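Take 117 as the starting number for the sequence shown in this note's numbering and just add one per residue. Here is the structure we will look at.
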Amino acid sequence: MSRTIPKLLLGASTGINLFSGISDAEEAWRVGMSNSNASLRDANLTEEAGAMDIQQFERQGRELIGNQKSAMAGMNMSFSGSAMDIMADTYAQLELQKRNTQRDTASRADAFRNEAANSVRAGANARKQNYLKAGGKLLSGANDFMSLF
């Protein structure tokens, strides 16, 4: 009977350590997935914001071109030669700014997606590490238990 109590205590301690390790593993996975989901939401919000910026930019561009046309018409300028060059340059600049905004938006969204993938990998790695740690505690407890005989 004198060896029964240490065996029970060792078994209980090993069980608690094992379940603690499993709990840590699952928590690490949940955190990784939660971080991943947050990053994916940020990527979607970035794309939506970029699309709205482009819409606003296009509206302002149409307004600018309209103002140029009105100014030229008010000055009785014909829509040829340097007047057309000015409007063509304005169109080109607007298109360039639009493309830059699209690239910037895509780049920021990709960064969030990469962050999401990294969070999943980190969570999976932490999960594996904690399961291995729990397995090591179980083996160590089994070894200690066997040494009581």
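For glycine and all other residues, C-beta sits at the position ideal for the given N, C-alpha and C. Just so it is clear, the structure is predicted and the values come from calculations on it, not from any experiment.
{"Query": "Have a look at T221, S139, L180 and flag the residue whose alpha-carbon is nearest the alpha-carbon of M168.", "Result": "T221"}
{"Query": "Let me know the secondary structure DSSP gives S194 once reduced to three states.", "Result": "coil"}
{"Query": "Below 8 Å on the Cβ atoms is my contact criterion, and I expect W145 with A204 to pass it. Report the Cβ-Cβ distance as a whole number of Å.", "Result": "In fact, because the Cβ distance is near 57 Å, the residues do not count as touching under 8 Å."}
{"Query": "Considering only residues of the same chain and omitting the five flanking positions on each side of N133, which have a CB-CB separation below 6 Å?", "Result": "K253"}
{"Query": "With a cut-off of 8 Å on the beta carbons, I'd call R243 and A141 a contact; round off their distance for me.", "Result": "5 Å"}
{"Query": "Could you give the DSSP three-state label for L248: helix, strand or coil?", "Result": "helix"}
{"Query": "With 16 other CB atoms within 10 Å as the buried threshold, where does F135 fall?", "Result": "exposed"}
{"Query": "With burial defined as no fewer than 16 other Cβ atoms inside 10 Å of the residue's Cβ, what is the status of N246: buried or exposed?", "Result": "buried"}
{"Query": "Are L126 and F261 touching if we call contact CB-CB under 8 Å?", "Result": "yes"}
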